[in-house]
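The structure under discussion appears below in the form of structure tokens.
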Amino acid sequence: MQKNINIQNKKARFLFEILDKYTAGIVLTGTEIKSIRSSKASIAESFCEFNEKGELFVINATIEEYAFGNYYNHRPKAERKLLLNKKELKKLHKEVQSSGLTIVPLRLFINEKGFAKMDIALAKGKKLFDKRETIKDRDNKRDLDRIKKNFK
186 MQKNINIQNK KARFLFEILD KYTAGIVLTG TEIKSIRSSK ASIAESFCEF NEKGELFVIN
246 ATIEEYAFGN YYNHRPKAER KLLLNKKELK KLHKEVQSSG LTIVPLRLFI NEKGFAKMDI
306 ALAKGKKLFD KRETIKDRDN KRDLDRIKKN FK
């Protein structure tokens, strides 16, 4: 049995307001999936974009080169195609075009069948005061948890 792979983009939830979530498959080569299975990937600075054919790609996602790969190894920051239903792709493309929203990856994981999947979200950028409010709420929750712990 393989270990559970769950690579998250923690920065995305702070910088963006999540409106809608999707789970997409990723087109990968052999050395890329081996690197992901050994948790050698990062999606912190990545985003998603449509090409001229209407296909969705994740850009700036880093999958490190496989340590035991030879000259068939992959490029670490290559664009990788995301696989969604045609209806979902059209809906996302329309939302991005019309209302200026963006698509950000939230999580990269391997499902129970062994396929690499990515949770992506349709998101709207937060303003500075929204970010301050998020920090304040997080600090207040932490303080309340400390007080509750002391009374137990």
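Residue numbers (our numbering): 186 to 337.
Ideal Cβ placement from N, Cα and C applies to all residues, glycine included.
No experiment lies behind these values; they were computed from the predicted model shown.
Contact between the region 239 to 250 and the region 264 to 277 is present, with at least three C-beta pairs closer than 8 Å.
Excluding five sequence positions before and after S227, the CB atoms of its chain that fall closer than 6 Å to its own CB belong to T247, given in chain order.
Residue pairing for P290: DSSP places it in a beta bridge opposite I305. Straight-line measurement puts the Cα of K337 at about 32 Å from the Cα of R198.
Distance from the CA atom of Y257 to the CA atom of A306, rounded to whole angstroms, is 32 Å. Inclusion of I211 and A308 in the CB contact set at 8 Å is not warranted, their separation being larger than that value. Leaving aside the five residues that flank I203 on each side, the residues in its chain whose CB is nearer than 6 Å to its CB run, in chain order, A306, A308. DSSP links V243 through a beta bridge to C233, R265. According to DSSP, S227 shares a beta bridge with T247. The C-beta distance from R292 to N191 rounds to 7 Å, short enough to meet the 8 Å contact threshold. For T287, the closest of E297, K311, M303, N296 by C-alpha to C-alpha distance is K311. Shortest Cα-Cα distance from S224 to any of D324, D205, F294, K206 involves F294.
In the DSSP assignment, L329 falls outside any beta strand (DSSP E) and within the unbroken alpha helix (DSSP H) covering 313 to 336. When the beta-carbon positions are compared, V289 and F232 come within less than 8 Å of each other.
Taking S220 as reference, the option from D315, E249, K195 with the minimal CA-CA separation is E249. Here DSSP, grouped into helix, strand and coil, assigns A252 to coil.
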